[in-house]
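Be aware that the sequence shown starts at 52, since it is given in my numbering, and climbs by one per residue. Inspection log for the structure reproduced underneath, given as structure tokens.
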Amino acid sequence: MTSLEAQSLERPGDVLAQLLAEPGTLGVPGAHHALCGMLAREAGFRALYLSGAALSATLGLPDLGIITQEELCRAVKSLYRATHLPIIVDGDTGYGETLNVMRLVRDLEEAGAAAVQLEDQMLPKKCGHLSNKNLVGGEEMAQKISAAVKARTHLKIVARTDAASESLEEALRRAKLYQQAGADIIFSGSTHSIRGFPAFFKGIGGADSCQHD
């Protein structure tokens, strides 16, 4: 079946939720353009991750929040049209404040995204692998998440915190705030030890979580 053939499709966010509800681990490879996504699908993967760093690199740009919302949505549309797989999209800091986040959510749903990942860094943001990241207040980030939840119809909201670079306690405090604001998935970045993952997972009550170390 090619990407040009009509298909009866469920809403991407609902498909992702079904996959996450299955027992075991869901493998989600990065795919920064349509061909990568098609190769991942042929290899048997059932969901994709569109990284802001990877997309920036394809445009010859550093991962500093430079790509535009239009460029991001164009990439999502191309990737989804080629694969029809649920895509978790790196939305960086949401391209602004709460109203901007709501606009991003609407645009991503129209482009075919299944989930958007929002992070609690200040602008200009830094690649997650870099040190000395500056964070917005946890309460401010929670407001963005709440706005995203209000704007979505099916899009899943992934809340990323880089507060583990400060302490596990602060990362957990923020994670719980983000859960209360309506985040569907919690992503902990900047964890410097593999032991940090089970501690974080236990601390948030075993909710769906992703970890990048």
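Think of the CB as a built atom: it goes at the ideal place given N, C-alpha and C, for glycine as much as any other residue.
Closest to residue i by C-alpha separation, out of the options, would be which residue?
{"i": "His205", "options": "Leu223, Ala164, Ala222 and Leu70", "result": "Ala164"}
{"i": "Asp141", "options": "Leu174, Val156 and Gly103", "result": "Gly103"}
{"i": "Ala126", "options": "Gly88, Tyr146, Leu115 and Ser216", "result": "Gly88"}
{"i": "Ala98", "options": "Ile138, Arg225, Glu190 and Arg246", "result": "Ile138"}
{"i": "Met192", "options": "Lys201, Glu217, Gln172 and Lys207", "result": "Gln172"}
{"i": "Tyr146", "options": "Cys124, Ala82 and Gln120", "result": "Gln120"}
{"i": "Arg132", "options": "Gly111, Asp143 and Pro63", "result": "Pro63"}
{"i": "Gly81", "options": "Leu136, Ile236 and Leu155", "result": "Leu136"}
{"i": "Asn185", "options": "Val167, Ile208, Ser216 and Ser197", "result": "Ser216"}
Exposed or buried, residue i, counting other C-beta atoms within 10 Å across all chains shown (16 or more means buried)?
{"i": "Thr134", "result": "buried"}
{"i": "Gln69", "result": "exposed"}
{"i": "Ala91", "result": "buried"}
{"i": "Ala222", "result": "buried"}
{"i": "Lys201", "result": "exposed"}
{"i": "Glu161", "result": "exposed"}
Residue range of the beta strand (DSSP E) that residue i falls in?
{"i": "Ala166", "result": "Ala166 to Glu170"}
{"i": "Tyr146", "result": "Segment: none, Tyr146 is in no beta strand (DSSP E) and carries neither H nor E."}
{"i": "Val209", "result": "Lys207 to Thr212"}
{"i": "Ser216", "result": "Looking at the DSSP string, Ser216 is not in any beta strand (DSSP E), and its letter there is neither H nor E."}
{"i": "Ile255", "result": "Here Ile255 belongs to no beta strand (DSSP E), and DSSP marks it neither H nor E."}
For the alpha helix (DSSP H) containing residue i, name the first residue and the last one.
{"i": "Ala105", "result": "Gly103 to Thr109"}
{"i": "Ala199", "result": "Gly189 to Ala202"}
{"i": "Ala91", "result": "Ala85 to Glu93"}
{"i": "Val79", "result": "From DSSP, Val79 is part of no alpha helix (DSSP H); its letter is neither H nor E."}
How many whole angstroms separate the CB atoms of residue i and residue j, which I take to be in contact at a CB cut-off of 8 Å?
{"i": "Ser129", "j": "Ala85", "result": "5 Å"}
{"i": "Gly188", "j": "Thr144", "result": "The pair is not a contact, with the Cβ atoms about 13 Å apart (cut-off 8 Å)."}
Residue ranges of each beta strand (DSSP E) within the region 112 to 144, 3 or longer: Segments of the beta strand (DSSP E) lying fully in the region 112 to 144: 138 to 141.
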